[in-house]
Amino acid sequence: MTLSATAQDTYTIPAGLTPLATWRDGYSAADSLKFRQAYNDNTLTAGEDDGAYAIKHLSEVLPAALVHRQGPVAILEENIMPEIGEVVATTDLGTMTLKETMADERSRMEAIVVVHEGKIVF
138 MTLSATAQDT YTIPAGLTPL ATWRDGYSAA DSLKFRQAYN DNTLTAGEDD
188 GAYAIKHLSE VLPAALVHRQ GPVAILEENI MPEIGEVVAT TDLGTMTLKE
238 TMADERSRME AIVVVHEGKI VF
């Protein structure tokens with residue numbers, strides 16, 4: 138997906154902020170240690186590299202517990218609405234669709250699931 142030249146020129150990845158695709162296959166031991174040591178109360182909301190690590194490794198940085206379910210897994214039906222990906226918003230990245238935002242290496246968005254009336258729609 139190609140973005141307009143205006144959006145690409147207006148907002149670049151800030152110095153020191155790594156494109157998320159860098160860690161698509163995992164984090165090095167050195168990065169893991171660095172991010173765990175850097176964790177603080179603002180990490181998850183600041184959108185920095187340590188936050189990208191923390192959101193994927195919450196049990197390493199916050200107290201966590203396994204909660205076992207009772208009964209079978211609930212399977213959600215799908216009714217995919219591709220038009221959701223065409224919703225346009227204006228952010229620091231510029232004005233672009235949700236699909237463009239997800240494809241843009243400057244974005245900190247890694248995934249989204251939209252559930253409507255008990256069905257996965259996007």
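My numbering puts the first residue of the sequence shown at 138, with every later residue one more than the last.
Using N, Cα and C, we set each Cβ at its ideal position, and we do this for glycine too.
Because the structure is a prediction, the values reported are computed rather than measured.
Anyone know if the C-beta pair for A189 and V198 falls short of 9 Å?
-> One thing to note: A189 has its Cβ no nearer than 9 Å to the Cβ of V198.
Within 10 angstroms of the Cβ of I249, are there 16 or more other Cβ atoms? Answer buried if so, exposed if not.
-> In summary, I249 is exposed, with fewer than 16 beta-carbon neighbours lying within 10 Å of its beta-carbon over all protein chains present.
Cβ shell of L213 (< 8 Å), same chain only, five flanking positions each side left out | The residues are V252, G255, K256 and I257.
For A201, which of helix, strand or coil comes out of DSSP?
-> A201 falls in the coil class under three-state DSSP.
Where does the unbroken beta strand (DSSP E) through T232 begin, and where does it stop?
-> Run containing T232: G231 to T234, per the beta strand (DSSP E) assignment.
Flag this pair as yes or no: are the beta carbons of L154 and D178 separated by less than 9 Å?
-> No, the Cβ-Cβ distance between L154 and D178 is not below 9 Å.
Is the segment 158-176 touching the segment 219-229 in the sense that three or more CB pairs, one from each, lie closer than 8 Å?
-> The segment 219-229, when compared against the segment 158-176, does not touch it at the 8 Å Cβ threshold.
Could you check which residue in T180, T159, L181 and F259 has the C-alpha nearest to that of E282?
-> The chain is shown only over 138 to 259; residue 282 falls outside these bounds and no answer can be derived.
Within 8 Å: the Cβ of L170 and any heavy atom of the ligand NAP?
-> Absence of the ligand NAP from the depicted structure is noted, as is the absence of any ligand whatsoever, leaving it without description.
Could you please give the first and the last residue of the uninterrupted beta strand (DSSP E) stretch that includes A226?
-> V225 to T228 is the extent of the beta strand (DSSP E) around A226.
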